[in-house]
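Count along the sequence shown starting at 1, add 668, and that's the number in my numbering. Glycine included, C-beta positions come from ideal geometry on N, C-alpha and C. I have placed the structure first, in the form of structure tokens, so that the comments after it can refer back to it.
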Amino acid sequence: MPTSTAPAVATGQPWLRWTLLGLGAGAAATSIVAAATSALAAHFAKEVVTPRKRDEKLEILALIQTADGQQVILPANEDTTIEGTYSLYFDGGGGHARIGAIRSYVPREGTVQRDVEAVYSGDLRSATRGWWSGAVYPTPSALGYADEHVDVPVSGGSAPAWLIRAEAPAGTWAIMVHGRGVQRSEGLRAVHTAREIGMTSLLVSYRNDGEAPFAPDGRYGLGMTEWQDVESAMEYAFANGAEDVALFGWSMGGAICLQVADVSRYRSRIRALVLDGPVIDWMDVLTHHAELNRIPAPAGRLGQWLISNSIGRAVTGLATPVDLKSMDWVSRAEQLTVPTLILHSEDDEFVPVGPSVELAERNPRFVTFERFHRARHTKEWNADPIRWHTVTQEWLRRVVFDRPAPRGPSGG
């Protein structure tokens, strides 16, 4: 009887040994990739919802004195080479200068020289770095209005606001809602437009913006929580003579205004929305920022999932997940029934213009879209204040007050 032989395939065979090593290496590589993707996704998700101080990335090269006043020399980039009026913040935000016309720009030198129209705070002579902003004026008094401070009761305390009364007030108030990472001064650009047609303006603060009380979790809700503070501002307006309101929102402030119009108990008293560079679809914005930061698509999608799922709370620090899908107003276009004006630049580097265009196309009955060019993010007024003022005011006259604009030129 023949003796039994070893199996034809044995682990000692060289080809099988390399196969097993290859399988092990492949599994290890997959684990490494998965871990890296998860780490990137977690970092991305946390950055989106965590309030941060602004980075002083803009170098201040020189400040010179001319016969016409002071001028500042800055690196030439996509922001600093656009005509208009802007702000230069420095010294951690403690310094603030208003920057005006371009006086010299030679692309091959890589610098631009612009007028310094005013220094509101700080010593620009000693400043070396700062950041560029569209929030031009620090307070109402910089525009010639009284600095009337009021406190709006909100969860956790009170949120400071500015009240700027119209000379001949109408029943409709304008409530100005700033964007992510800035404060209520952003809305000062729109006060003249509203006040000239009789709208008293209330410029509000909201949770986590550095002025209003922080939320218990200290995280942005991307509109899902902040809307409650704007609703409180509406209550303040109604208690002080407003019959109804028009909401103005910039960037994330636009998402907040849309949320108020969707879920507030006072949504029937919102006459209009004026949205500048608004977030219409957070998923589109987050995908855009993942691409800008060279985050692989799987990590970007996982980051969105972490923000919107309760499992991600341990990573993001959010008390409640953010329902990103419910804030996709392109998909919900037919549900927006408040007259809405969207002003958005086609070169917006932070919030892509596409969803704004698509929302207007899907809902032409209620949404009016006004395209700007070479204005970047929420700087449409800065680049072309006369057009911003004229378009917005004429639309408000027609939609809110049901009357045409008067004949003759209109101020900017």
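Residue i in three-state terms, based on DSSP
| i | result |
| --- | --- |
| alanine 695 | Low confidence applies to alanine 695: its pLDDT is 48, below 50, so where it sits in the model is not reliable, and the reading given next is rough at best. If DSSP states are grouped into helix, strand and coil, alanine 695 belongs with the helices. |
| valine 701 | Any reading at valine 701 must be qualified, since the residue scores a pLDDT of 45, below 50, and its modelled position is unreliable; the value itself is stated next. Helix. |
| tryptophan 918 | strand |
| histidine 846 | coil |
| serine 656 | Residue 656 falls outside the range modelled here, since the chain spans only 669 to 1080, and no answer is possible. |
| leucine 1064 | helix |
| serine 978 | helix |
| leucine 926 | helix |
| proline 1023 | helix |
| serine 826 | strand |
| tyrosine 904 | helix |
| histidine 764 | strand |
| histidine 1045 | coil |
| valine 716 | helix |
| valine 913 | strand |
| arginine 939 | strand |
Candidates the options, of which the one nearest residue i by Cα
| i | options | result |
| --- | --- | --- |
| glycine 778 | Glu727, Ala735, Gly802 and Pro806 | Glu727 |
| alanine 910 | Met867, Ala1043, Ser919 and Gly762 | Met867 |
| alanine 1028 | Val784, Val1006 and His817 | Val1006 |
| proline 837 | Gln896, Ser873 and Ala905 | Ala905 |
| arginine 776 | Ala744, Ala803 and Ala814 | Ala744 |
| aspartate 819 | Leu870, Met995 and Ser976 | Leu870 |
| alanine 769 | Ile938, Gly891, Phe758 and Asp783 | Asp783 |
| aspartate 944 | Leu731, Glu899 and Ala1043 | Ala1043 |
| serine 976 | Leu970, Pro964 and Pro989 | Pro989 |
| arginine 848 | Gly891, Val822, Pro808 and Thr840 | Gly891 |
| proline 719 | Leu792, Ala967, Tyr888 and Tyr874 | Tyr888 |
| tyrosine 874 | Glu899, Leu856, Val859 and Ala858 | Glu899 |
Euclidean distance between Cα positions of residue i and residue j
| i | j | result |
| --- | --- | --- |
| isoleucine 879 | proline 828 | What sits at residue 879 in the sequence shown is glutamate, not isoleucine. Whole-angstrom Cα-Cα distance: 7 Å. |
| histidine 1057 | alanine 707 | 45 Å |
| glutamate 1050 | alanine 765 | According to the sequence provided, residue 1050 is asparagine. The question's glutamate does not apply to it. Rounded to the nearest angstrom, the two C-alpha atoms are 15 Å apart. |
| leucine 954 | methionine 920 | 12 Å |
| glutamine 733 | glutamine 739 | 6 Å |
| phenylalanine 1037 | valine 1025 | 7 Å |
| arginine 863 | glutamate 835 | 8 Å |
| aspartate 723 | glycine 798 | 8 Å |
| leucine 729 | valine 780 | 10 Å |
| leucine 811 | arginine 1000 | 38 Å |
| threonine 698 | alanine 710 | At threonine 698 the pLDDT is 46, less than 50, meaning the model places this residue with poor confidence; the figure from the coordinates comes in the next sentence. Near 18 Å, if we compare the C-alpha coordinates of alanine 710 and threonine 698. |
| serine 932 | glycine 917 | 16 Å |
| proline 788 | serine 794 | According to the sequence displayed, residue 788 carries tyrosine and not proline. Using only the alpha carbons, I get a separation of about 15 Å. |
| arginine 833 | alanine 958 | 42 Å |
| glycine 790 | leucine 756 | 11 Å |
| serine 801 | tyrosine 754 | 6 Å |
| glutamate 903 | arginine 852 | 18 Å |
| proline 964 | methionine 951 | 15 Å |
| valine 1067 | alanine 883 | 35 Å |
Buried or exposed (CB count within 10 angstroms, at least 16 for buried), residue i
| i | result |
| --- | --- |
| asparagine 908 | exposed |
| threonine 796 | exposed |
| glycine 760 | exposed |
| alanine 735 | exposed |
| lysine 1047 | buried |
| aspartate 1016 | buried |
| glutamate 854 | buried |
| histidine 1090 | No information on residue 1090 is available, as it lies outside the stretch 669 to 1080 that the chain covers here. |
| leucine 960 | exposed |
| valine 804 | buried |
| aspartate 1052 | buried |
| isoleucine 1054 | exposed |
| threonine 1060 | buried |
Which residues DSSP lists as bridging residue i, in chain order
| i | result |
| --- | --- |
| isoleucine 732 | Gln739 |
| aspartate 1038 | Residue 1038 is actually glutamate in this sequence, not aspartate. Glutamate 1038 is bridged to Leu1011. |
| serine 999 | Looking at the DSSP assignment, serine 999 forms no beta bridge with any residue, so it has no partner. |
| aspartate 944 | Trp918 and Leu1011 |
| tryptophan 800 | Leu756 |
| serine 772 | Gln781 |
| leucine 831 | Leu870 |
| glutamate 727 | Arg797 |
| aspartate 819 | Pro828 |
| alanine 786 | Arg766 |
Short CB-CB distance (under 7 Å) between residue i and chain D
| i | result |
| --- | --- |
| threonine 1060 | In the displayed structure, chain D is absent; only one protein chain is listed. |
Residue i: CB within 6 Å of a non-hydrogen atom of the ligand HEM
| i | result |
| --- | --- |
| valine 990 | The ligand HEM is not part of the structure shown, which contains no ligands of any sort. |
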